[in-house]
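Structure, as structure tokens:
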Amino acid sequence: MSYKNQQTLGVGAFLFVVFILIPWLIHVSGRWDFYYTLTSVALLSIASGGVWLTFYIGRINIGQGAFALAGGYVSAILVVKYGVSFWLTIPLAGLFCAVAAVLIGLPILRLRGVYFAMITLVLTEVARLTALALPITNGARGISSIPLPGELSIFGLTIIPDFSTIENVKLAFYYVAAVLMVASFAALYRIVNSRIGHLCRSLQQNEELASSIGVNTAYLRVIAYAISSFMGGISGAIFVAISRSIYPASFPVKDSIDFMLNCFLGGLGYVFGPMLGTLVIYFGWDVLFTTGKYQLLIYSSVLILLMLFLPNGILSLRLPGRKGVRK
Amino acid sequence: MSPILQIKGVTKKFGGLTANNNISFDVNEGEILSVIGPNGAGKSTLFKMISSFMPTTSGEVLFSGERVSNLSPHVVAQKGIVRTFQETTIFKSMTVRDNVIVSHHLRSKANLFGYFLGTAKAKSDEQEFGRSADDIVEFLGLGDIRDELASNLPQGHLRALGIAIGLATNPKILLLDEPFAGMNHDETMRTVELVRGVRDRGVTVLLVEHDMPAVMNISDRIVVINFGEKIAEGTPSEIQENEKVIEAYLGSEDDAIGI
Chain A
783 MSYKNQQTLG VGAFLFVVFI LIPWLIHVSG RWDFYYTLTS VALLSIASGG VWLTFYIGRI
843 NIGQGAFALA GGYVSAILVV KYGVSFWLTI PLAGLFCAVA AVLIGLPILR LRGVYFAMIT
903 LVLTEVARLT ALALPITNGA RGISSIPLPG ELSIFGLTII PDFSTIENVK LAFYYVAAVL
963 MVASFAALYR IVNSRIGHLC RSLQQNEELA SSIGVNTAYL RVIAYAISSF MGGISGAIFV
1023 AISRSIYPAS FPVKDSIDFM LNCFLGGLGY VFGPMLGTLV IYFGWDVLFT TGKYQLLIYS
1083 SVLILLMLFL PNGILSLRLP GRKGVRK
Chain B
-14 MSPILQIKGV TKKFGGLTAN NNISFDVNEG EILSVIGPNG AGKSTLFKMI SSFMPTTSGE
46 VLFSGERVSN LSPHVVAQKG IVRTFQETTI FKSMTVRDNV IVSHHLRSKA NLFGYFLGTA
106 KAKSDEQEFG RSADDIVEFL GLGDIRDELA SNLPQGHLRA LGIAIGLATN PKILLLDEPF
166 AGMNHDETMR TVELVRGVRD RGVTVLLVEH DMPAVMNISD RIVVINFGEK IAEGTPSEIQ
226 ENEKVIEAYL GSEDDAIGI
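Protein sequences appear in the order of chains A and B.
Under our numbering, the first residue of the first sequence is numbered 783, with each subsequent residue one higher.
Under our numbering, the first residue of the second sequence is numbered -14, with each subsequent residue one higher.
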């Protein structure tokens, strides 16, 4: 079977599992709570996918929580205070974060390594404090009782019905998150496998050389960071619609770190790494819940061991010898 | 022959230290010009200013009459002045061929969005770059190892790859920073031939080098720098007889300048 056919088959199988098999399994087993878990995984993997892209240009990004929070607030404020349709606020939240990322990125993306990482870590905290301080975000009380998403129609054609008329809202949110996840990762895959990805890799491996062959490194870095933050913003916006509330502490530093860990665990060399990493970490943490007070201890030890023995992520197990992982 | 590159009174100061003091010389189109000098003479600093990796303190560099100093490296590269590095600077985790393909960036006709969408322009770019990369790789004798990871290459091939990366940008002037460093005689002579080949493709070559026999062999003209000052300029035979040059190199071995 050719590589192309294998790919098509893989994508087909994945879509089948996500859109048909999982809803069917949940329907049969009656474990409706899994919808919430899987919806979260889908949304978190979108945000992690963004972080992954900044890794791809050689920057350690521990600040995605800031953009998820910003996206969430943009959506919540637009819906609650200005009556904008939730569906429109998704791209608006993304765009807001992308623009913010350009403004923040221009100065800080000059930094490398641990310096950039530290600044991004601080960003999450800055975002939380900003949300606490601003009048429009309603301070510590946050924004609650956010209405369910309304109808989405284009030229009178209803594409998505009003969520308050839907019987199974959990399933509806699951589909929204899954569709966006598939679209986001399709876009990431396209970026990485086009010449843009090649340029990003040149940036990751040697910025000086990249600029001497004529690559506008500052521009490319900002673009990548903007795309990354866009993904953080849309995932935050949908999260808020699901929980119907947002507070300054909705996306704490721990989330920012988790987004980064998801990438590490899945594999920095693989586009779909963050998706797998998010799934494993999210479910791993839940499974360890049964161990009670040892949960965090076991969880951290396992993560350390995984990074020691699988520095290229879980996906490097399945694809040995690709991308110079092993000769 | 008209000068393609003019270095005019270029000075670089680091605090109280003057690395380059009022250096001026012209580079003619299609020649191989070497900048030589003892260690710490300020050769690499001069190179960095010509390629805008470092701003000048005063003075300027003109390329076809247009100022190119104190800009960004990628802007200078766009204009056609491209630098290879002293260290073996390459994209380590890419194959040889990918190193050269990505370096075709300046020849792109499509923009980033075009590459994302895979427009006709983007596709023709990619085909074109692949063909041209194969050609360059072959030209520099890297054809057999084109699919090898760059990090696995031995020294000599790395140097050739550095030149290949430079060539891929389609430069008018290629700045080579110590292309023969750490090479034995045979490797040096092979690389000298490569550099000549580069010049024969219509590229003006400016190089910084320690290896005197190679410099004497390859250069059309030589500029000598000592303690940040230009002390001589001329053809290899003129340089070999220049009193100041001999003095500057006294203390090192006499045969260092081939006399």
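Ideal placement from N, C-alpha and C gives every residue a C-beta, glycine not left out.
Residue i and residue j closer than 8 Å at C-beta
i, j, result
"V20 of chain B", "I210 of chain B", "yes"
"V997 of chain A", "S1011 of chain A", "no"
"S36 of chain B", "L160 of chain B", "yes"
"V856 of chain A", "A1019 of chain A", "yes"
"Q1077 of chain A", "G840 of chain A", "no"
"V285 of chain B", "G44 of chain B", "As shown, chain B starts at -14 and ends at 244. That puts residue 285 of chain B outside it, with no answer to give."
"G1048 of chain A", "I1080 of chain A", "no"
"P1034 of chain A", "G847 of chain A", "yes"
"L934 of chain A", "I941 of chain A", "yes"
"L914 of chain A", "A922 of chain A", "yes"
"I828 of chain A", "S1032 of chain A", "no"
"K77 of chain B", "S136 of chain B", "yes"
"A153 of chain B", "L125 of chain B", "no"
"I844 of chain A", "T902 of chain A", "yes"
"G187 of chain B", "T69 of chain B", "no"
"L1099 of chain A", "L1092 of chain A", "yes"
Between the CA atoms of residue j and residue i - distance to the nearest angstrom
i, j, result
"F212 of chain B", "D171 of chain B", "31 Å"
"Q140 of chain B", "T74 of chain B", "11 Å"
"L851 of chain A", "T906 of chain A", "8 Å"
"V799 of chain A", "L888 of chain A", "41 Å"
"E214 of chain B", "R92 of chain B", "37 Å"
"G219 of chain B", "T30 of chain B", "21 Å"
"E232 of chain B", "M168 of chain B", "27 Å"
"P929 of chain A", "F849 of chain A", "22 Å"
"L860 of chain A", "D944 of chain A", "17 Å"
"M1057 of chain A", "K28 of chain B", "50 Å"
"P156 of chain B", "H90 of chain B", "12 Å"
"V1107 of chain A", "A968 of chain A", "Residue placement at V1107 of chain A is flagged as unreliable, the pLDDT there being 36, under the threshold of 50; the coordinate-derived value follows with that caveat. Roughly 23 Å separates the two Cα atoms."
"V53 of chain B", "V87 of chain B", "24 Å"
"K229 of chain B", "G65 of chain B", "34 Å"
"Q788 of chain A", "Y971 of chain A", "16 Å"
"D162 of chain B", "G25 of chain B", "14 Å"
Residue closest to residue i, alpha-carbon to alpha-carbon, out of the options
i, options, result
"S1017 of chain A", "A:Q1077, A:Y1052, A:F1041", "A:F1041"
"V881 of chain A", "A:A1008, A:L1061, A:S1082, A:F937", "A:A1008"
"Y956 of chain A", "A:I802, A:Q788, A:Y817, A:I804", "A:Y817"
"Q225 of chain B", "B:G22, B:S93, B:N6", "B:G22"
"P198 of chain B", "B:L146, B:H89, B:A166, B:V85", "B:A166"
"V951 of chain A", "A:L835, A:G1055, A:S1025", "A:S1025"
"I890 of chain A", "A:I973, A:L939, A:R1003, A:A915", "A:R1003"
"V964 of chain A", "A:L1043, A:F878, A:A795", "A:A795"
"K106 of chain B", "A:G847, A:R977, A:S966, A:P931", "A:R977"
"G1015 of chain A", "A:Y1001, A:S1038, A:S993, A:T999", "A:S1038"
"A118 of chain B", "B:I148, B:V61, B:L97, B:F70", "B:I148"
"V60 of chain B", "A:F1046, A:F1021, A:T999", "A:T999"
"S994 of chain A", "B:A62, B:G1, B:I86", "B:A62"
"I872 of chain A", "A:C982, A:Y864, A:G1066, A:G854", "A:G854"
"I886 of chain A", "A:A954, A:G895, A:V904", "A:V904"
"S927 of chain A", "A:G832, A:I808, A:G1066, A:A858", "A:A858"
"V1022 of chain A", "A:L807, A:P805, A:V862", "A:V862"
"K(-3) of chain B", "B:E14, B:V46, B:G15", "B:V46"
"H142 of chain B", "B:R175, B:D120, B:D110", "B:R175"
"G895 of chain A", "A:S1082, A:A875, A:E989", "A:E989"
Proximity test, residue i beta-carbon vs the ligand COA heavy atom, cut-off 7 Å
i, result
"T176 of chain B", "The ligand COA is not part of this structure, which contains no ligands at all."
Cβ shell of residue i (< 8 Å), same chain only, five flanking positions each side left out
i, result
"V12 of chain B", "P(-12), I(-11), L(-10), Q(-9), I(-8), L18, I158, T189, L191"
"R181 of chain B", "I17, I203"
"L1050 of chain A", "W834, F837, Y838, N1094, G1095"
"V122 of chain B", "V81, R82, V85, G128, R131, A149"
"L1088 of chain A", "L1047, I1096"
"Y785 of chain A", "none"
Own chain, CB closer than 6 Å to residue i, minus 5 neighbours either side, in chain order
i, result
"D132 of chain B", "T80"
"F98 of chain B", "none"
7 Å Cβ shell around residue i - same chain, five flanking residues per side excluded
i, result
"G33 of chain B", "Reading the sequence as shown, one finds Lys at residue 33 of chain B and not Gly. M39, listed in sequence order."
"V200 of chain B", "S19, I21, E194, I207"
"V823 of chain A", "T1060, L1061, Y1064"
"D196 of chain B", "F165, T173"
"F10 of chain B", "I(-8), V208, K215, E218"
"G979 of chain A", "I973"
"N55 of chain B", "S37, P40, T41"
"S830 of chain A", "F1041, N1044, C1045, P1056, G1059, T1060"
Inset, instruction - Report the residue ranges of all alpha helix (DSSP H) runs contained in full by the region 73 to 101 of chain B; include only those spanning at least 4 residues, in chain order. - result: For the region 73 to 101 of chain B, the full-length alpha helix (DSSP H) segments reaching 4 residues or more read 81 to 87 along the chain.
Legend entry - Ordered list of beta strand (DSSP E) runs contained in the region 160 to 238 of chain B, each at least 3 residues: Runs of the beta strand (DSSP E) lying entirely within the region 160 to 238 of chain B and spanning at least 3 residues, in chain order: 189 to 193, 206 to 211, 214 to 219.
Legend entry - Ranges of the beta strand (DSSP E) found wholly within the region 905 to 983 of chain A, counting only runs of at least 3: The region 905 to 983 of chain A contains these whole beta strand (DSSP E) runs: 934 to 936, 939 to 942.
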